[in-house]
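Student: Heads up: the sequence shown begins at 27 in this note's numbering, then just goes up one per residue.
Where a beta carbon is used, it is the ideal one built from N, C-alpha and C, also for glycine.
I have a structure I would like to understand better, so I am pasting it below and will then ask my questions one at a time.
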Amino acid sequence: MKLKPLMIQGTMSNSGKTFVVAGLCRIFQKDGYRCAPFKSQNMALNSYITRDGWEIGRAQAMQAEAAMVEPMVEMNPIMLKPNSDMGSQVIVNGEVLGNFPAAEYYKMKEQLKPTIQKAFHTLEEQFDVIVLEGAGSPAEINLKENDIVNMGMAEMADADVLLVADIDRGGVFASVYGTIQLLEPEERKRIKGIIINKFRGDVEILKPGLEMIEQLTGIPVIGVIPYEKIDLDDEDSLSEQLMKRKMGKGIDVAVIRLPHISNFTDFRALEMEEQVSLRYVTKKEELGNPDVLILPGTKNTMYDLKWLRESGIEARICRIRDDCRIIGICGGYQMMGELLQDPDGIEHGGVMKGIGLLPVQTVFAEQKTRGQKRAVLKRNPSMMINGYEIHMGKTSAVNQQVEELLHLEDGTTDGFCTPDGKIWGSYFHGIFDNDLFRREFLAEISKEKGIEEAEELSFEQYKEEQYDRLEQLIRNSVDIERIYRLLQTRSDEEESPEKGCVHLYYGDGKGKTSAAVGLAVRAAGAGKKVLIYQFLKNNSSSERKCLDLLQGITCIRGPEMVTFTSRMTEEERREHFVENNRTLQEIFQTARQYDVLILDEAIYAIDLGQLSEEPLIDYIENRPNGQEVILTGRNPSKRLMECADYCSCIVKERHPFDRGLAGRRGIEY
Numbered sequence: 027m028k029l030k031p032l033m034i035q036g037t038m039s040n041s042g043k044t045f046v047v048a049g050l051c052r053i054f055q056k057d058g059y060r061c062a063p064f065k066s067q068n069m070a071l072n073s074y075i076t077r078d079g080w081e082i083g084r085a086q087a088m089q090a091e092a093a094m095v096e097p098m099v100e101m102n103p104i105m106l107k108p109n110s111d112m113g114s115q116v117i118v119n120g121e122v123l124g125n126f127p128a129a130e131y132y133k134m135k136e137q138l139k140p141t142i143q144k145a146f147h148t149l150e151e152q153f154d155v156i157v158l159e160g161a162g163s164p165a166e167i168n169l170k171e172n173d174i175v176n177m178g179m180a181e182m183a184d185a186d187v188l189l190v191a192d193i194d195r196g197g198v199f200a201s202v203y204g205t206i207q208l209l210e211p212e213e214r215k216r217i218k219g220i221i222i223n224k225f226r227g228d229v230e231i232l233k234p235g236l237e238m239i240e241q242l243t244g245i246p247v248i249g250v251i252p253y254e255k256i257d258l259d260d261e262d263s264l265s266e267q268l269m270k271r272k273m274g275k276g277i278d279v280a281v282i283r284l285p286h287i288s289n290f291t292d293f294r295a296l297e298m299e300e301q302v303s304l305r306y307v308t309k310k311e312e313l314g315n316p317d318v319l320i321l322p323g324t325k326n327t328m329y330d331l332k333w334l335r336e337s338g339i340e341a342r343i344c345r346i347r348d349d350c351r352i353i354g355i356c357g358g359y360q361m362m363g364e365l366l367q368d369p370d371g372i373e374h375g376g377v378m379k380g381i382g383l384l385p386v387q388t389v390f391a392e393q394k395t396r397g398q399k400r401a402v403l404k405r406n407p408s409m410m411i412n413g414y415e416i417h418m419g420k421t422s423a424v425n426q427q428v429e430e431l432l433h434l435e436d437g438t439t440d441g442f443c444t445p446d447g448k449i450w451g452s453y454f455h456g457i458f459d460n461d462l463f464r465r466e467f468l469a470e471i472s473k474e475k476g477i478e479e480a481e482e483l484s485f486e487q488y489k490e491e492q493y494d495r496l497e498q499l500i501r502n503s504v505d506i507e508r509i510y511r512l513l514q515t516r517s518d519e520e521e522s523p524e525k526g527c528v529h530l531y532y533g534d535g536k537g538k539t540s541a542a543v544g545l546a547v548r549a550a551g552a553g554k555k556v557l558i559y560q561f562l563k564n565n566s567s568s569e570r571k572c573l574d575l576l577q578g579i580t581c582i583r584g585p586e587m588v589t590f591t592s593r594m595t596e597e598e599r600r601e602h603f604v605e606n607n608r609t610l611q612e613i614f615q616t617a618r619q620y621d622v623l624i625l626d627e628a629i630y631a632i633d634l635g636q637l638s639e640e641p642l643i644d645y646i647e648n649r650p651n652g653q654e655v656i657l658t659g660r661n662p663s664k665r666l667m668e669c670a671d672y673c674s675c676i677v678k679e680r681h682p683f684d685r686g687l688a689g690r691r692g693i694e695y
């Protein structure tokens, strides 16, 4: 049975949204539902590569794992990876779109809505229930315009919202009340419950506050989740994992906490091991004499290498290089070499000297390498290693004083190590997730230190145990039955609304597009969601400037038309025909989330042989219940007219063009 989508939002960053979404995904899976997580826009430096090679947020991959489904790019269609204080690398549908300043990206968000809606609709078709995650807080009033990740996304998905608040950080009631009060009335209506997270102590002492917040907001508190240490992948720099500073017993592993550290989840499997004490270092004084020193991944290798140098940590690393194992993963591996070159300004630009731990050099390239990989360890070909790569650049040896580390299935190699194997680097993320590799790595160090080897652990089994613990924690502390009542399938009346009508505006007179635009404004004014696409036009029509500003109306940008169809060559016409039909299919995917679909000049595009009629008629006959479809143009076919409920022929009786007056901007176009 299909359930309605549910969205988890928070009063602030790191309030527990990711945690709660993962727990609910596990609960729904255990209860027999096929469930998928979804986060429209994720800002994080921890990422994951799906089986088909797309990059998404690590948190969504973890949530998919909790739901026991394969991670998909649709679960996180937009990812922002900060690479400076003012900008980020923008990843759309798993591929790099480019690096953009924050202000420029902010202007792009409205254009990304169709991409988000298409991804969500794809998941909705394949799964029984979608659990959406917001970002930060829905009450960030400076970001509410064109919001695509909090209440804006809840509206697009028509999802009820549960608000999560972190009591461990203090001020929980103020944060809950303030968040709700800063929302618009329609947004507040979406919040159906409040969840208090990370509570320590006797819940009876908390009850008077819970009752008061319910009275003030009119929204029930549906759960108080006790503080419990459950080991899940974190997504950002606020992770408690990065706060570990103290050296413990056993094998001392020191990870350098770089300013732009990424994919620190690579070391979670090491932390799982009983004989390992793993800590994060930000100062040279904290480094000490670890058994293992790790240079992790980073989103800005050259900047972080400069920081490493200026902080004095680089010099300290060079002094202890003979006394410990040193490992570099991805950006950390690049730092370990003798030289870093960035001729195209991908990161920092120019040339920078490396730490000199390995005789290798790196040249940055614009093309990002990404994909899941399988390899064998050169020193032990019987040991299979699984991992994934996400990097921009190629690293090669500068002399024969190093050995290749991994041989990949495709015949290529990855990574290098010193002849004694104590210093090595690799682009393989997740290398320590491989049980046999991790055990042998730790066994060698344990033997040197005289430490008794710990019980062999399976990382996959360990993760499953964490998800099951999370499921029980949330099931025991949150009113799951109330959540199920929220998600029950809509009533027959809601599921079977009036079919909706098809409108045709056609003829040789002026006003077809004007009539369609007028209807769009009227529909949006009534709270309906309108999707518009214009065929045979070049995105410069004056009405677009206004439509793009109106709430409830989404205009999909088309290709730039360099000439009229009548002036195209046969080859150009064929290319245009293929492009139009491809676009039409994408529109159909997106349009299912809208109340009104307007395809301006679609009728004329069909008449000119620039669009196929059959897919359009098929969509009209199978469109979502209640959706209005408006088509404009000239010379509709008989079959198209038979599909229509409104046929409005606009006939020219007189037009200034006949006496030589050219089209005027703001009147004709």
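Where DSSP assigns a beta bridge to G113, which residues make up the other side?
Tutor: Walking along the sequence shown from the start, residue 113 turns up at place 87. BP columns for G113 point to P127.
Student: Name the DSSP beta bridge partners of E159, please?
Tutor: By 1-based counting over the sequence shown, the position of residue 159 is 133. In DSSP, E159 forms a bridge with I34.
Student: Could you tell me which uninterrupted beta strand (DSSP E) segments, each at least 3 residues in length, are contained entirely in the segment 159-232, listed from first to last along the chain?
Tutor: Whole beta strand (DSSP E) segments, 3+ residues: 186-192, 217-225.
Student: Would you say S39 and S201 are within 9 Å of each other, going by their C-beta atoms?
Tutor: Stepping through the sequence shown from its first residue, residue 39 is reached at position 13. Stepping through the sequence shown from its first residue, residue 201 is reached at position 175. Going by C-beta atoms, S39 is not nearer than 9 Å to S201.
Student: For the candidate residues P682, E81, Y132, Y359, whose alpha-carbon lies nearest to that of G535?
Tutor: As a position in the sequence shown, residue 535 is number 509, starting the count at 1. Here the closest residue by C-alpha is P682.
Student: L321 by DSSP, collapsed to three states: which one?
Tutor: Locating residue 321 in the sequence shown gives position 295, counting from the first residue. Note: L321 maps to strand in three-state DSSP.
Student: May I ask which residues mark the beginning and end of the alpha helix (DSSP H) holding E415?
Tutor: Locating residue 415 in the sequence shown gives position 389, where the first residue counts as 1. Per DSSP, E415 belongs to no alpha helix (DSSP H); it is in the beta strand (DSSP E), 406-417.
Student: Would you kindly check if the distance between the Cβ of G659 and the Cβ of A628 is under 9 Å?
Tutor: Taking the first residue of the sequence shown as position 1, residue 628 is located at position 602. Taking the first residue of the sequence shown as position 1, residue 659 is located at position 633. Yes, they are a contact pair.
Student: Would you check if the distance between the CB atom of V190 and the CB atom of M177 is smaller than 9 Å?
Tutor: On the sequence shown, residue 190 is found 164 positions in, with the first residue counted as 1. On the sequence shown, residue 177 is found 151 positions in, with the first residue counted as 1. Cβ atoms of V190 and M177: not closer than 9 Å.
Student: When you compare only the Cα positions, how much space is there between F290 and A552?
Tutor: Position 264 of the sequence shown, counted from the first residue, corresponds to residue 290. Position 526 of the sequence shown, counted from the first residue, corresponds to residue 552. So the alpha carbons of these two residues sit roughly 48 Å apart.
Student: In this structure, does DSSP put K399 in helix, strand or coil?
Tutor: Looking up residue 399 in the sequence shown gives position 373. It is a strand residue.
Student: Flag F290 as yes if its beta-carbon sits less than 9 Å from any beta-carbon of chain C, otherwise no.
Tutor: This model lacks chain C altogether, as it is built from one protein chain only.
Student: My output table needs one value for H286: the three-state DSSP class, helix, strand or coil.
Tutor: Taking the first residue of the sequence shown as 1, we reach residue 286 at position 260. Three-state result, H286: coil.
Student: Do you know how far the Cα of V46 is from the Cα of I613?
Tutor: Taking the first residue of the sequence shown as 1, we reach residue 613 at position 587. Taking the first residue of the sequence shown as 1, we reach residue 46 at position 20. Approximately 33 Å between the Cα atoms of the pair.
Student: Could you tell me the distance, in whole angstroms, from the CA atom of K144 to the CA atom of K275?
Tutor: Position 118 of the sequence shown, counted from the first residue, corresponds to residue 144. Position 249 of the sequence shown, counted from the first residue, corresponds to residue 275. Their Cα atoms are separated by approximately 51 Å.
Student: Look at the alpha carbon of L657 and the alpha carbon of I104, and state the distance between them as a whole number of angstroms.
Tutor: Along the sequence shown, one-based indexing puts residue 657 at 631. Along the sequence shown, one-based indexing puts residue 104 at 78. Those two C-alpha atoms are separated by around 31 Å.
Student: Curious, which full-length beta strand (DSSP E) runs of at least 3 residues does the segment 417-501 contain?
Tutor: Listed in chain order, they are 420-423, 429-434, 439-443, 449-452.
Student: Within 10 angstroms of the Cβ of G354, are there 16 or more other Cβ atoms? Answer buried if so, exposed if not.
Tutor: Within the sequence shown, residue 354 is the residue found at index 328, counting from 1. Label assigned to G354: buried.
Student: Return the residue from the list I248, E640, G413, E497 that minimises the CA-CA distance to S663.
Tutor: Here the question's residue 663 lines up with position 637 in the sequence shown. If we check each option's Cα against that of S663, E640 comes out closest.
Student: Is the beta carbon of Q89 sitting closer than 9 Å to the one on P63?
Tutor: Against the sequence shown, residue 89 aligns to sequence position 63. Against the sequence shown, residue 63 aligns to sequence position 37. Yes, they are a contact pair.
Student: Comparing C-alpha positions only, which one of S337, V402, T439 sits nearest to K420?
Tutor: Residue 420 sits at position 394 when you count from the first residue of the sequence shown. Nearest option by C-alpha distance: T439.
Student: For N168, does the count of other Cβ atoms within 10 angstroms reach 16, so buried, or fall short, so exposed?
Tutor: Reading the sequence shown from its first residue, position 142 is the one you call residue 168. It is exposed - the Cβ of N168 has fewer than 16 other Cβ atoms within 10 Å.
Student: Compute the Euclidean distance between the alpha carbons of I582 and K489, then round it to the nearest angstrom.
Tutor: Numbered from 1 along the sequence shown, position 556 holds the residue referred to as residue 582. Numbered from 1 along the sequence shown, position 463 holds the residue referred to as residue 489. Cα to Cα, the separation comes out at about 42 Å.
Student: Could you pull the start and end residues of the alpha helix (DSSP H) that G49 belongs to?
Tutor: The count along the sequence shown starts at 1 and reaches residue 49 at position 23. Run containing G49: 43-56, per the alpha helix (DSSP H) assignment.
Student: Residues in its own chain within less than 6 Å of G526 by CB, not counting five upstream and five downstream?
Tutor: As a working note, residue 526 is residue 500 in the sequence shown. If we look at G526 and ignore the five residues flanking it on each side, its Cβ neighbours are G652, Q653, E654.
Student: What residue does the alpha helix (DSSP H) around A565 start on, and which one ends it?
Tutor: As a first step, residue 565 must be located in the sequence shown, where it is residue number 539. As written in the sequence, residue 565 is Asn, which differs from the Ala given in the question. Per DSSP, N565 belongs to no alpha helix (DSSP H) and is neither H nor E.
Student: Is it the case that the Cβ atoms of G79 and Q393 are separated by a distance below 9 Å?
Tutor: Position 53 of the sequence shown, counting from 1, holds the residue named residue 79. Position 367 of the sequence shown, counting from 1, holds the residue named residue 393. Cβ atoms of G79 and Q393: not closer than 9 Å.
Student: Report all residues from its chain with a CB closer than 8 Å to the CB of G456; omit the five preceding and five following residues, and keep chain order.
Tutor: Taking the sequence shown and counting its residues from 1, one reaches residue 456 at position 430. Result list for G456: D292, N412, G413, Y414, in chain order.
Student: Have a look at L383, D278, V389, R685 and flag the residue whose alpha-carbon is nearest the alpha-carbon of G376.
Tutor: Indexing the sequence shown from 1 puts residue 376 at position 350. Residue V389 is the option with its Cα nearest to G376.
Student: Is the beta carbon of Q387 closer than 9 Å to that of D363?
Tutor: Translated into positions along the sequence shown, residue 363 becomes position 337. Translated into positions along the sequence shown, residue 387 becomes position 361. One detail in the question is off: residue 363 reads as Gly in this sequence, not Asp. Yes, the pair counts as a contact, with Cβ atoms nearer than the cut-off.
Student: Buried or exposed, going by whether 16 or more other CB atoms sit within 10 Å of the CB of P97?
Tutor: The residue labelled residue 97 in the question sits at position 71 within the sequence shown. So P97 counts as buried.
Student: Tell me where the alpha helix (DSSP H) around A62 begins and ends.
Tutor: Along the sequence shown, one-based indexing puts residue 62 at 36. No alpha helix (DSSP H) contains A62, which is instead part of the beta strand (DSSP E) from 61-64.
Student: Which term fits C443, buried or exposed, when burial requires 16 or more other beta carbons within 10 angstroms of its beta carbon?
Tutor: Position 417 of the sequence shown holds residue 443. The residue in question, C443, is buried, as its Cβ has 16 or more Cβ neighbours within 10 Å.
Student: Mind checking C61: buried by the 16 CB within 10 Å criterion, or exposed?
Tutor: On the sequence shown, position 35 is the one that residue 61 refers to. Buried, since its Cβ has 16 or more Cβ neighbours within 10 Å.
Student: Please report the Cβ distance between T591 and Q636, rounded to the nearest whole angstrom; I am assuming they are in contact, meaning their Cβ atoms lie under 8 Å.
Tutor: By one-based count along the sequence shown, residue 591 stands at place 565. By one-based count along the sequence shown, residue 636 stands at place 610. About 6 Å; that satisfies the 8 Å criterion.
Student: Within a Cβ cutoff of 7 Å, which residues of the same chain sit near R608, ignoring the five residues on either side of it in sequence?
Tutor: In the sequence shown, the residue the question calls residue 608 occupies position 582. Excluding positions up to five away in sequence, the list is empty.
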